[in-house]
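For the protein sequence lines, the chains are A and B, in the order given. Heads up: the first sequence begins at 1 in the working numbering, then just goes up one per residue. Heads up: the second sequence begins at 379 in the working numbering, then just goes up one per residue. Cβ coordinates follow ideal geometry from the N, Cα and C atoms, glycine included. Here the structure is a predicted model, which means the values were calculated and not measured.
There are 2 protein chains.
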Amino acid sequence: MRKNYLLTPGPTPLPPQVCESMARPIIHHRTPQFQAILKEATEGLKYVFQTENPVFILASSGTGAMEAAVANLLSPGDTAITVQGGKFGERWTELCKAYGVNAEIIDVEWGKAVDPLEIKKRLSANPKIKAVFTTLCETSTGVTNDIEAIGKIIKETEAVLVVDAISGLGAIDIKSDAWYCDMVISGSQKGLMLPPGMGFISVSPKAFKLVDTAKTPRYYFDLRKAKKAIEKTDTPFTPAVTLIIALNEALEMIRQDGLEQVFLRHKKMASAARAAMKGLGLALFAPDAASDVVTAVKVPEGLDGEKLVKTMRDTYGVTIAGGQDEMKGKLFRIAHMGYIEEFDIIAGISCLEKVLAQMGYKFDLGAGVKAAEEVFLK
Amino acid sequence: MRKNYLLTPGPTPLPPQVCESMARPIIHHRTPQFQAILKEATEGLKYVFQTENPVFILASSGTGAMEAAVANLLSPGDTAITVQGGKFGERWTELCKAYGVNAEIIDVEWGKAVDPLEIKKRLSANPKIKAVFTTLCETSTGVTNDIEAIGKIIKETEAVLVVDAISGLGAIDIKSDAWYCDMVISGSQKGLMLPPGMGFISVSPKAFKLVDTAKTPRYYFDLRKAKKAIEKTDTPFTPAVTLIIALNEALEMIRQDGLEQVFLRHKKMASAARAAMKGLGLALFAPDAASDVVTAVKVPEGLDGEKLVKTMRDTYGVTIAGGQDEMKGKLFRIAHMGYIEEFDIIAGISCLEKVLAQMGYKFDLGAGVKAAEEVFLK
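Next up, the structure:
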């Protein structure tokens, strides 16, 4: 009867009302009943995206929505900037390459945020750049980029700004309209507290102009079809009905707390997690740009990082994330995103302490938990 | 407290164990726990697809899997046959056009099955044809095509056979391997008794050769990535975890009954539905090629077909489907696919009788239900 605790940067834990809503009988999607649900969902998403632009719901993972951005904005031979400071920044480059778009890569050291002035410099040097693809929170490193500053630069140009906010949206601030984001992309299984299976994408009028002229082939992710459908409160293809019903439950929770409160809660969880790591003598992977959605921590010299994550999960039921790709075994990541409260953080830190102690790492037992408690008591 | 009854060709009703499984806490997808689930799902799908080929699970609707077929098999400028006898056959043509593939359209009158010899003729006339895209059950008309006969023709050629079995798989027979189908496509919300949100695609070695050489851009639906991932019991992108867990519940139900029994049940439901329509003096839309998954019925002269469907649904809670596109208002469709038993059919027919009577259609009240009962009693 082992109990499981989930502290990963997607999927994140599901609230009971979300779970319950998915157990209901299914309804047909071409009905007034479902139209009312879809309308509520798209309006609720606008609130979370902080936008007046339409937000489309795709039956796909977040990567599908990223592909929708590239395929709808650009034509083969076009040039776009990709900000590449981790695994998900690299995905933008891969997508551009797959679609014959020249990716002008801004290579950012893993663990650092991009310098917005570097984007400005590149845009000035090449006025043909049509789009800038970047990341709100780079899940692989726990870094948050300064989207507000980037937006201010891009609004003065012809280029559009596309932000992968897959992890971040509904957890930390992203003002789509006020920050001049032309497309903001997200997924269901992160700050929105849902299972994976839905991608979201908001589209500004500036971006729609490119959507209408881009020559890249597309069908399932064709935003022209999505736009035509949403005008009739419909979807071009069968939507993920169950997940959209669950989305409305999650959106209602977010609305009841209010976005400001949601962001404050994430800030508190993150501060506690970072304090705990300091209490345990562990070093953050991104001390200068640490996000409030996931805390990436360096595995101490001499310790087996993969074994640490595996033991926490397989022996004690606490699932955190390891490092990805080049960071495999070198870091671990504790997420505090979505339906996470302070005692979940305490549970995760306690398990981390237990396994660190068993692996022979030297520290004062309880020091991590105590440091977190001090933050929570404030 | 109106009760709802669902008799639409997707979504179809969910079994209680499927509903229940989706209410469970979520788990992370990059874990041995999820790998075991994924393995069970892909093995179970092979049983239902009647194939030894890998079956990939996509987080998308069925159309996403159709796009995967076109984008992975063909290059711009290639030629393919599309069998077009309804809305979903037309989708193959649209997909080919979107990807710059020359669609050699076989235009089949709505309500008729394609003549396999027509495919043979076209293939002989143009040996450059690389693929034939067809439909097992054309949901918009209720027609089943003779895939076995088509497969025998295609195996003698260089072309690959791609079958949209979105509605049909898990309801009527489709022997992917024995009938030489190179790709069989399906979706979750039909015979598999799940919510929408997953697409499935099986790929033969003959098809994989084209996948490796096709020049169409692709990323999210790239089957090379999917193949590489499945070899490590993984998915290239975040899978729809909840739906895959639910899939295993549905697959277990199908396995317990056995495919033969499942097909027999669908045959019985369909025979009863057709007998009922005859009993009511209504004409089938596809009398010569009626499928066992959905029964399409002509709206009697002088009756408002859209009002019929709307009244059944909005006044009495019984959802059937109307006609699509050019058949709007001209036919209605009663599905008997998935988790449907005989008394569901009786309920649907009874409601149809009630509304027909209210709309002034002349028939013996109870004649439809009686005709269905006679079939079930046999």
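Asked	Found
Closer than 9 angstroms at the beta carbon, the chain A residues around H406 (chain B)	L6, T8, G10, P11, R313, T319 and A321
Beta-carbon gap between A71 (chain A) and F221 (chain A) smaller than 7 angstroms	yes
CB-CB length for L709 (chain B) against K676 (chain B), believed under 8 angstroms	6 angstroms
Near-chain A residues of the region 412-441 of chain B - C-beta to any C-beta below 9 angstroms	L436, A437, S438, S439, G440 and T441
Residues from the region 588-603 of chain B in contact with chain A, defined by Cβ distance under 9 angstroms	T594, P595, R596, Y597, Y598, F599 and D600
Short CB-CB distance (under 7 angstroms) between F615 (chain B) and chain A	yes
Short Cβ contact (7 angstroms threshold) for W92 (chain A) with F133 (chain A)	yes
Classification of L45 (chain A) by the beta-carbon crowding that lies within 10 angstroms, buried from 16 upward	buried
Start-to-end residues for the alpha helix (DSSP H) that takes in V619 (chain B)	V619 to D635
Residue burial classification, T213 (chain A) (beta-carbon count within 10 angstroms, cutoff 16)	exposed
Chain B contacts made by the region 194-207 of chain A, where a contact means CB separation under 7 angstroms	P195, P196 and G197
From A:K209, A:T135, A:I154 and A:L223, residue whose alpha carbon lies closest to that of S186 (chain A)	A:T135
Any chain D beta carbon closer than 7 angstroms to V677 (chain B)	Considering every chain present, this structure includes no chain D. Its protein chains are A and B.
Span separating the alpha-carbon of C96 (chain A) from that of E20 (chain A)	40 angstroms
Distance, M1 (chain A) Cα to L280 (chain A) Cα	30 angstroms
Interface partners of H667 (chain B) on chain A, CB under 7 angstroms	Before going further, note that residue 667 (chain B) is Ala rather than His in the sequence given. Those within 7 angstroms of A667 (chain B) in chain A number zero; the least Cβ separation is about 24 angstroms.
Interface flag, T620 (chain B) vs chain A, CB-CB below 7 angstroms	yes
Beta-carbon proximity of A372 (chain A) to A290 (chain A), cut-off 7 angstroms	no
Inter-residue Cα distance where the pair is F237 (chain A) and A443 (chain B)	12 angstroms
Residues bridged to A650 (chain B) [DSSP beta-bridge criterion]	Its beta-bridge partners do not exist; DSSP assigns none.
In chain order, each alpha helix (DSSP H) run of at least 4 residues that lies wholly inside the region 324-367 of chain A	342-358
Member of B:A725, B:G700 and B:N431 whose CA lies at the smallest distance from the CA of M561 (chain B)	B:N431
Ranges of the alpha helix (DSSP H) found wholly within the region 472-542 of chain B, counting only runs of at least 4	494-503 and 525-532
S399 (chain B) - DSSP class collapsed to helix/strand/coil	helix
Cβ distance (whole Å) where K111 (chain A) is taken to contact V143 (chain A) below 8 angstroms	Per the sequence shown, the amino acid found at residue 111 (chain A) is Gly instead of Lys. That pair is a contact at about 6 angstroms.
Stretch pair the region 690-700 of chain B + the region 21-39 of chain A: three plus CB contacts closer than 8 angstroms	yes
Three CB pairs or more closer than 8 angstroms across the region 151-166 of chain A and the region 244-263 of chain A	no
Beta-carbon gap between V671 (chain B) and R711 (chain B) smaller than 7 angstroms	no
DSSP state of L416 (chain B) mapped onto helix, strand, coil	helix
For I579 (chain B): DSSP bridge partner residues	B:F434 and B:I563
Chain A contact for M400 (chain B) (CB, 7 angstroms cutoff)	yes
Nonlocal neighbours in the same chain, by C-beta distance under 8 angstroms from I698 (chain B), ignoring five residues either side	L385, T386, V687, M690, R691, F710, R711, I712, A713, G726 and L730
Assigned secondary structure, A668 (chain B) (DSSP; H/G/I helix, E/B strand, else coil)	strand
Run of the alpha helix (DSSP H) containing V448 (chain B), from where it starts to where it stops	G440 to L451
Assigned secondary structure, I550 (chain B) (DSSP; H/G/I helix, E/B strand, else coil)	coil
Cβ pair I393 (chain A), K120 (chain A) closer than 7 angstroms	A question about residue 393 (chain A) goes unanswered here, because the residues of chain A that appear run from 1 up to 378.
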